[in-house]
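Chains as they are written, first to last, in the numbering used here: chain A, 15 to 139; chain B, 15 to 139; chain C, 15 to 139; chain D, 15 to 139. Structure record follows, encoded as C-alpha cells.
4 protein chains.
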Amino acid sequence: MSTIQKGHLLWYIPDGYIPEISQGELLSHESICVLNTYQEDAELKITIYFEDREPIEEMNYLVPGKRTKHIRTSALEKNGQVIPVGVPYAIEVESSIPVIVQYSRLDSTQSELALMSTMGHPVNS
Amino acid sequence: MSTIQKGHLLWYIPDGYIPEISQGELLSHESICVLNTYQEDAELKITIYFEDREPIEEMNYLVPGKRTKHIRTSALEKNGQVIPVGVPYAIEVESSIPVIVQYSRLDSTQSELALMSTMGHPVNS
Amino acid sequence: MSTIQKGHLLWYIPDGYIPEISQGELLSHESICVLNTYQEDAELKITIYFEDREPIEEMNYLVPGKRTKHIRTSALEKNGQVIPVGVPYAIEVESSIPVIVQYSRLDSTQSELALMSTMGHPVNS
Amino acid sequence: MSTIQKGHLLWYIPDGYIPEISQGELLSHESICVLNTYQEDAELKITIYFEDREPIEEMNYLVPGKRTKHIRTSALEKNGQVIPVGVPYAIEVESSIPVIVQYSRLDSTQSELALMSTMGHPVNS
Chain A
15 MSTIQKGHLL WYIPDGYIPE ISQGELLSHE SICVLNTYQE DAELKITIYF
65 EDREPIEEMN YLVPGKRTKH IRTSALEKNG QVIPVGVPYA IEVESSIPVI
115 VQYSRLDSTQ SELALMSTMG HPVNS
Chain B
15 MSTIQKGHLL WYIPDGYIPE ISQGELLSHE SICVLNTYQE DAELKITIYF
65 EDREPIEEMN YLVPGKRTKH IRTSALEKNG QVIPVGVPYA IEVESSIPVI
115 VQYSRLDSTQ SELALMSTMG HPVNS
Chain C
15 MSTIQKGHLL WYIPDGYIPE ISQGELLSHE SICVLNTYQE DAELKITIYF
65 EDREPIEEMN YLVPGKRTKH IRTSALEKNG QVIPVGVPYA IEVESSIPVI
115 VQYSRLDSTQ SELALMSTMG HPVNS
Chain D
15 MSTIQKGHLL WYIPDGYIPE ISQGELLSHE SICVLNTYQE DAELKITIYF
65 EDREPIEEMN YLVPGKRTKH IRTSALEKNG QVIPVGVPYA IEVESSIPVI
115 VQYSRLDSTQ SELALMSTMG HPVNS
C-alpha cells in the first residue's frame, strides 16, 4: 500500500476551548493528536482563530517519522503568545506531509471528568 | 494553498437537543462551532428540523472573515421563534462561502457534566 | 441547491451497546438520529450485527419528509426480536432516499451521566 | 447494493490511550469496534504507533463474516508485547477486505465514568 496517501496536509477543528478550572486528580486539557505514518518528519504549522481578534498564525511543531504526538494546546507558543484559557477558538493544522489528526478534550471543571473527541475535518489537496 | 476549497457550503447535524436542566456551575448548552478561514464574511442560514412539526427555516447568523463563532443554539431566533428545550431536533447550516462546522453539547442535567462532540456531516457542492 | 444529494442511502455505526443499568433521573439509552431533508418519506431498513450470532435483518422505520427522528434502539423490533441489552453490536441503516445519520449514547450506569456521539460512516452510492 | 464497497481497507485512530485507573463498577477501557458486512472473514493487522519508540507492527485479529468485534486494546498481543497503560499512542487498522471502524473509550479514572467515541479516519484505496 506504499503509494496510497495516508492522511491529509490540512485539517480543521472548529471547537477549541481550554477549560479554566480543574478538580480532582486529572487536569482539564485538550490534545491535538497527530499521527505520521511516513519515515520523514512532518513539520506542522498550527494557526489559531478567535471570535473577536486576529489569528495567531503558524505555531510550529514537529512530528517525527513513524511517531504520534498528542499535543497539549496549552503548550503551543509563538513569540510569547499562547492560547488563552476560557476563550472559544478554532484550530488549523497544516503539515508538510500527509498526517491524520484527531482532537480530544478532557474537562474536569466540575469534580468528575468529561471527555469528548472527534476526527479533525480534512481538506483534500 | 490558496486555490483549495477550505470547507463546505452545506452541513448537517441530526442530533440536536437542548437539555432542560442544569446543575452545578456550568449551564447545559449546545454549540454549533463554525470556522471561516476566508477574508470575506460567511452568511449562514440555519434551518431547524423537528420530529413532528414544520421546520424553522433560515435563521441568519454572520461569521466574519478569519474568525470562528461558537453559536449557542439557544440564542438563535427568527420572528420570535426559538428552538424549544427538551425536544429532539436536527440542524442544517448553509453558508455563502465554504466553512467548517463542528457540533458540541455540554449536559449538566445530573450534577456532574457530560460532553459530546462531532464534526458536522458536509455535503459536497 | 436542489440537485445536490443531501445525505447517503447507506450508513454504518460499528459501536452499538445498550447499557444494562441506569441511575439518577436519566435513563441509559442510545439513539440513531436520522434527518430526512426531502419532501418524500424515507423508508429505513435497520440491520443489527452481533459478535457471535446471526444478524437481525431489516427492521423497518419511517422518517417522514422534512422531519428528523431520534430512534431509540431499544424500541426497534422485528417478529418479536429486539436488541438485547449489555451486548456489543453494530448497526446498518439503509434508506430509500438520502438521509444523514448520527449516533449518540447516554450512559448513566454509574450515578452521573456520560455522553458520546459520532456521525455514522456513510457509503457512497 | 451488492457491488458497492462497504467500508475501507485502512483506518487510523490517532488518539489511543489506556487509562491507568478505574473506580466504581466499570473498568476503564478502549475498544476498536470493527464491522464486517461481508460473508468472508476479515483478517486485521493492527499497528500501534508511539510518541518516543518504534511501532508494534501487525498484531493479528480476525473478524468473521457478517459479524462485529469490539476489540479491547488491552487484549491485543504480539510476541509478548502489549500496549502499555498510561501512554499516548495511535492505531492503524489494515484489513484484508473492507470493514468499518469506530473507536470508543470509557474512562472511570475519577469515580464517575466518561465516554468518548469517533469513527476512525478511512484511507481510500
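Glycine included, each C-beta is placed from N, C-alpha and C at the ideal position.
- In the three-state scheme derived from DSSP, where H, G and I count as helix and E and B as strand, T17 of chain A is classed as coil.
- The residue from C:L90, C:P33, C:H84, C:E57 with its alpha-carbon nearest to that of F64 of chain B is C:H84.
- Around the beta-carbon of Q19 of chain C, fewer than 16 other beta-carbon atoms lie within 10 Å, marking it exposed.
- Q95 of chain B and V115 of chain C have their C-alpha atoms spaced approximately 26 Å apart.
- Within 8 Å of the CB of L129 of chain A, the CB atoms of chain D belong to R119, D121, A128, L129, M130, in sequence order along the chain.
- At a beta-carbon threshold of 9 Å, none of the residues of chain C lie near V96 of chain D; the nearest stands roughly 21 Å away.
- When secondary structure is reduced to three states using DSSP, T51 of chain D falls in the coil class, being assigned neither helix nor strand.
- DSSP places S88 of chain D within a helical segment (H, G or I) once states are collapsed to three.
- Not a single C-beta of chain C is nearer than 8 Å to the C-beta of M73 of chain D.
- Close partners of Y103 of chain A in chain B (Cβ separation under 8 Å): T82.
- Where D29 of chain C is concerned, the enclosing beta strand (DSSP E) starts and stops at 22-30.
- For V48 of chain C, same chain residues with a beta-carbon under 6 Å away, outside a window of 5 residues either side, are V77, K83, V113, V115 in chain order.
- Within chain C, Y26, Y63, E106 have C-beta atoms less than 8 Å from the C-beta of T51 of chain D, given in sequence order.
- For K92 of chain A, none of the residues of chain D pass the 8 Å Cβ criterion, the least Cβ distance being about 22 Å.
- Secondary structure of K59 of chain B (DSSP, three-state): strand.
- Burial state of N50 of chain B is buried, judged by a 10 Å Cβ sphere holding 16 or more other Cβ atoms.
- Between E34 of chain B and P98 of chain B, the alpha-carbon positions lie close to 9 Å from each other.
- Apart from sequence neighbours up to five positions away, the residues of its chain that approach G30 of chain A with a beta-carbon distance below 6 Å are Y103, A104, I105, ordered along the chain.
- With its beta carbon at least 8 Å from every one in chain D, V48 of chain C lies outside the interface.
- Under the Cβ criterion of 8 Å, P112 of chain D is not counted among the residues facing chain A.
- The contact set of H43 of chain B on chain C, defined by CB atoms closer than 8 Å, is empty, because the minimum CB distance reaches about 13 Å.
- Rounded to whole angstroms, the Cβ separation of S109 of chain C and A56 of chain C is 5 Å, and the two are in contact under 8 Å.
- Of the candidates C:H22, C:L129, C:V101, C:G79, C:G79 places its Cα closest to the Cα of D66 of chain B.
- Sequence-distant Cβ neighbours of L24 of chain A in its own chain, meaning closer than 8 Å and more than five residues away, are E106, V107, E108, S109, P136, V137, S139.
- The beta carbons of G134 of chain A and I27 of chain A sit about 5 Å from each other, so the pair counts as a contact at 8 Å.
- For E72 of chain D, the enclosing beta strand (DSSP E) covers residues 70-77.
- Between I18 of chain A and chain D, the shortest Cβ-Cβ separation is below 8 Å.
- When DSSP reads this structure, S118 of chain C sits in a beta bridge with C:S45, C:S131.
- For V137 of chain D, at least one C-beta of chain A is nearer than 8 Å to its own C-beta.
- Restricting attention to D:T17, D:H43, D:L58, D:E44, the CA atom closest to the CA of I111 of chain D is found in D:L58.
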